[in-house]
Amino acid sequence: MEQSIKQNTEARLSVNANIVKQTFPVTGMTCAACAVSVESMLANTPGVMKAGVNFATQTAWAEFNPEQATVENLRSSVQEIGYDLIVDTEDASQAQADEQMRHYKKIKSRFIWSALLTAPVFVIGMFFMEWEPGKWISMPLSAIVLFYIGRSFFSTAWKQAKHGMANMDTLVALSTSIAFIFSVFNTFFPDFWHQRGIHAHVYYEAAVVIITFISLGKLLEEKAKSNTSSAIKKLMGLQPKTVKAIVEGEEVEIPISAVKEGFILMVKPGEKIPVDGVVSSGQSYVDESMITGESVPVSKSVDAEVFAGTVNQKGSFQMVAKKVGGDTVLAGIIRMVQEAQGSKAPVQKLVDKIAGIFVPIVIAISIITFVVWMVLGGDNAFTYALLSSVSVLVIACPCALGLATPTAIMVGVGKGAENNILIKDAESLELGHKVNAVILDKTGTITEGRPEVNGLKWQQENFALAYQEILLSLEMQSEHPLAEAVVGKLKGQGVKSTSIDYFESLTGRGVKGVHEGKSYFIGNKRLLEENRIELASELSRQAEEWQKTANTVVYFANTDRVLAIISIADKIKATSKEAISTLQKMGIEVYMLTGDNLQTATAVAKEVGLSQFKAEVLPSDKAAFTQKLQEEGKIVAMVGDGINDSHALAQADVSIAMGKGSDIAMDVAKMTLITSDLNSIPKAIRLSRSTVSGIRQNLFWAFIYNLIGIPLAAGVLFPVNGFLLDPMIAGAAMAFSSVSVVANSLRLKRARI
Numbered sequence: 001m002e003q004s005i006k007q008n009t010e011a012r013l014s015v016n017a018n019i020v021k022q023t024f025p026v027t028g029m030t031c032a033a034c035a036v037s038v039e040s041m042l043a044n045t046p047g048v049m050k051a052g053v054n055f056a057t058q059t060a061w062a063e064f065n066p067e068q069a070t071v072e073n074l075r076s077s078v079q080e081i082g083y084d085l086i087v088d089t090e091d092a093s094q095a096q097a098d099e100q101m102r103h104y105k106k107i108k109s110r111f112i113w114s115a116l117l118t119a120p121v122f123v124i125g126m127f128f129m130e131w132e133p134g135k136w137i138s139m140p141l142s143a144i145v146l147f148y149i150g151r152s153f154f155s156t157a158w159k160q161a162k163h164g165m166a167n168m169d170t171l172v173a174l175s176t177s178i179a180f181i182f183s184v185f186n187t188f189f190p191d192f193w194h195q196r197g198i199h200a201h202v203y204y205e206a207a208v209v210i211i212t213f214i215s216l217g218k219l220l221e222e223k224a225k226s227n228t229s230s231a232i233k234k235l236m237g238l239q240p241k242t243v244k245a246i247v248e249g250e251e252v253e254i255p256i257s258a259v260k261e262g263f264i265l266m267v268k269p270g271e272k273i274p275v276d277g278v279v280s281s282g283q284s285y286v287d288e289s290m291i292t293g294e295s296v297p298v299s300k301s302v303d304a305e306v307f308a309g310t311v312n313q314k315g316s317f318q319m320v321a322k323k324v325g326g327d328t329v330l331a332g333i334i335r336m337v338q339e340a341q342g343s344k345a346p347v348q349k350l351v352d353k354i355a356g357i358f359v360p361i362v363i364a365i366s367i368i369t370f371v372v373w374m375v376l377g378g379d380n381a382f383t384y385a386l387l388s389s390v391s392v393l394v395i396a397c398p399c400a401l402g403l404a405t406p407t408a409i410m411v412g413v414g415k416g417a418e419n420n421i422l423i424k425d426a427e428s429l430e431l432g433h434k435v436n437a438v439i440l441d442k443t444g445t446i447t448e449g450r451p452e453v454n455g456l457k458w459q460q461e462n463f464a465l466a467y468q469e470i471l472l473s474l475e476m477q478s479e480h481p482l483a484e485a486v487v488g489k490l491k492g493q494g495v496k497s498t499s500i501d502y503f504e505s506l507t508g509r510g511v512k513g514v515h516e517g518k519s520y521f522i523g524n525k526r527l528l529e530e531n532r533i534e535l536a537s538e539l540s541r542q543a544e545e546w547q548k549t550a551n552t553v554v555y556f557a558n559t560d561r562v563l564a565i566i567s568i569a570d571k572i573k574a575t576s577k578e579a580i581s582t583l584q585k586m587g588i589e590v591y592m593l594t595g596d597n598l599q600t601a602t603a604v605a606k607e608v609g610l611s612q613f614k615a616e617v618l619p620s621d622k623a624a625f626t627q628k629l630q631e632e633g634k635i636v637a638m639v640g641d642g643i644n645d646s647h648a649l650a651q652a653d654v655s656i657a658m659g660k661g662s663d664i665a666m667d668v669a670k671m672t673l674i675t676s677d678l679n680s681i682p683k684a685i686r687l688s689r690s691t692v693s694g695i696r697q698n699l700f701w702a703f704i705y706n707l708i709g710i711p712l713a714a715g716v717l718f719p720v721n722g723f724l725l726d727p728m729i730a731g732a733a734m735a736f737s738s739v740s741v742v743a744n745s746l747r748l749k750r751a752r753i
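What follows is the structure in structure tokens.
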């Protein structure tokens, strides 16, 4: 493994000559553009050699010379553009989480108050525009919305402007302030326009509606962002805080951080294994689903490897610590998930890029319009110049641009929920329609994820009544996970248990029990051979048939002969074959990756119609395979349900988790299927196609009014026919573009997926 992983818990220092590398949590970042701004400021701070920002984990790192730069210098640089670094705290991770929660609550409160104050201004502006007291009521309400509730737009825009940067906040602040100032002038000095034969219209409603809608977008953005690192936090939570070490023959509880290689540790039933190591004494079954994804716990005895984060079942054992801290398999999974998440940029980055280009262009057009009118406007040059330049800024308001993605996403998410598809953010919907390769995990995705008895054959029919109670009673005492499947089957048939005089677990072979002086065995074929127990040819042939279809065969016998054979398998879901066929008909390549053995994988792949699959793969292998497909130019969707799938899910372009899977898989994945029906996967892809189409149409409506309206607002038709766009009409066009966007988004509700 590479160097130790500590996510957001404290700054890491590594001194190489005079260069120090330190990592800090960052607060205030809301988009990928923010991350770029922070990185740029850090990189240009005197004394800093290199700097980087991980938006997914909300952290920034810098390599700097402590003689030329200090931590406070770095913090000041970031604060200059409206962000902050968390320093000088014992628990930076908790401080960051607290700050994110405060920020979310603040945005939510601002949106609610903004909406409440905007409502009367909007009603007056749209339906009672000629009512004289209306503008005097609207003015103070609008001032509160703009300069108190929406003050962050202006402060951020100013800080960005000081460093030659621009984002969506810049355009919001500029357009709303111009509309407000122009409206205030018209409120106090209406005669200025009346003397020139022009109505003194006010645009308070346009300004406050912009703030309210953009605040809604930021609220949705912040809510999605707050869950970004929760998967890694839960992965960190898989490791216990304390462990039981054997010191001088006594059991002592010590913190996990104190464990060193070679320590002897005690692991009791139900406990999580703290570090990677080797069993030194005792035996048990360990649930390794977080590593392998397989639902059946693995038998562990002396010299067997065990891994951090896996869960011990019924037995106790001692282990020797071999890998601790950042060297464990769990730490590696954390690192890989972290890196894969951090390599992605949210869809909002596109809007920020557009705004970054759009803002200077609109400002330039407005200034040019003013200058041209002042030069060529004749007697009323100033009047025409002011009206035209303001009209350009008002019609270029980014309200529709801010609504284009969120409204389509909101409707798309709702549509998905109706069809048992939970969608986290816009990224998965943006990329879903491009998917041309789907990777499916086997256990819990294609299959049910739990062992079940699918066959029970007695050597003689009358043996069932004679021996089934003994079979049930022995399996009830067994620690083997397959025993639970047998117990469930027999209890479901109404079988009752009986008394067992003696019981013994035979490691790696099965169990032995004594009932009324007679011995009975349950286990594998090796157990039969060791005890020279006869297996009838008919049962032998049946066992071979079951094994060919990847079933596990368990033998129940007395000292003389096999009484019954039991077939146990992880059943394939009824809809898996249909869903895979549908995906293939859509032109999508489907792959199956599993940690299970080749024989089982082959049988499952054959049954569901898959020709492309890989068996006995580790979590890193799944992620590597995903990356390989991406390098070939494919857009990859990964579908899984276990912690072992989390790295591949994070690496994939579109990640889909099964709702009955692990919390980690669902946190990493951008989509979660509430149902276990794989038919939801092609539905999700069709939903993505409809939503992306809606977003593109929305962006068209958001810009078409600007493309047509800005030249009209600038007065290009005035020399031809004397037409000059009134700011009121410009405001109406802006509002209509927003209505068009919302109406178009609502059409998605009727889309068939």
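If you're matching positions, the sequence shown starts at 1 in the numbering used here and goes up one per residue.
All residues carry an ideal CB built from backbone N, CA and C; glycine is no exception.
- Rounded to the nearest whole angstrom, the C-alpha separation of residue 633 and residue 724 is 51 Å.
- Around the CB of residue 683, 16 or more other CB atoms lie within 10 Å, so the residue is classed as buried.
- Counting C-beta atoms within 10 angstroms of its own C-beta, residue 357 has fewer than 16 neighbours from the protein chains shown and is therefore classed as exposed.
- Excluding residues up to 5 positions away in sequence, 365, 369, 388 and 392 lie with their Cβ nearer than 7 Å to the Cβ of residue 714 in the same chain.
- Note on the segment 556-625: whole beta strand (DSSP E) runs with a minimum of 3 residues are 562-572 and 589-593, in chain order.
- In the DSSP annotation of this structure, the continuous segment of the beta strand (DSSP E) that includes residue 518 starts and ends at 518-523.
- Bounds of the beta strand (DSSP E) holding residue 319 are 317-323.
- Separation of residue 594 and residue 465 (C-alpha to C-alpha, rounded to the nearest whole angstrom) is 39 Å.
- Per the coordinates, the alpha-carbon of residue 580 lies some 42 Å from the alpha-carbon of residue 463.
- Boundaries for residue 751: no alpha helix (DSSP H) harbours it, and the DSSP string shows neither H nor E there.
- If you check the CB distance, residue 680 and residue 411 do not come in under 8 Å.
- For residue 552, the three-state secondary structure derived from DSSP is strand.
- Contact between residue 311 and residue 280 is absent: CB atoms are separated by about 19 Å, not below the 8 Å threshold.
- Rounded to the nearest whole angstrom, the C-alpha separation of residue 304 and residue 696 is 56 Å.
- Under the 8 Å Cβ criterion, the segment 576-590 does not count as touching the segment 559-568, having fewer than three qualifying pairs.
- A contact is defined here as three or more CB-CB pairs under 8 Å, and the segment 523-534 fails this definition with respect to the segment 492-503.
- Taking a C-beta distance under 8 Å as the contact criterion, residue 513 and residue 555 do not qualify as a contact pair.
- Contact check for residue 570 and residue 450: beta-carbon distance about 7 Å, within the 8 Å limit, so the pair qualifies.
- Around the C-beta of residue 39, 16 or more other C-beta atoms lie within 10 Å, and the residue is accordingly described as buried.
- In this structure, residue 214 lies near residue 172, with their beta-carbon atoms less than 8 Å apart.
- Here the alpha carbon of residue 519 sits roughly 23 Å from the alpha carbon of residue 485.
- Taking a cut-off of 8 Å on C-beta distances, the segment 247-263 touches the segment 322-330, as three or more cross pairs fall below it.
- In the three-state reduction of the DSSP assignment, residue 721 falls in the helix class.
- For residue 749, the closest C-alpha among the options 299, 404, 690 and 721 is that of 690.
- Within its own chain, the residues whose Cβ lies closer than 8 Å to the Cβ of residue 36, once the five positions on either side in sequence are excluded, are 53, listed in chain order.
- By the Cβ rule, the segment 112-128 does not count as touching the segment 57-69, because fewer than three pairs are nearer than 8 Å.
- The shortest CA-to-CA distance from residue 106 to any of 446, 149, 545 and 132 is the one to 149.
- Look at residue 501 here: in three-state DSSP terms it is coil, with no helix or strand label.
- In the three-state reduction of the DSSP assignment, residue 641 falls in the coil class.
- Per the DSSP secondary-structure output, residue 201 pairs with nothing in a beta bridge.
- DSSP, read as helix, strand or coil, puts residue 276 in strand.
- In this model, residue 78 and residue 421 are separated by some 39 Å (Cα to Cα).
- With respect to the 8 Å criterion, residue 645 and residue 441 are classified as neighbours on the basis of their beta carbons.
- Bounds of the beta strand (DSSP E) holding residue 450 are 447-458.
- Under the three-state reduction of DSSP output, residue 312 falls in the strand class.
- Under DSSP, residue 61 shares a beta bridge with 23 and 52.
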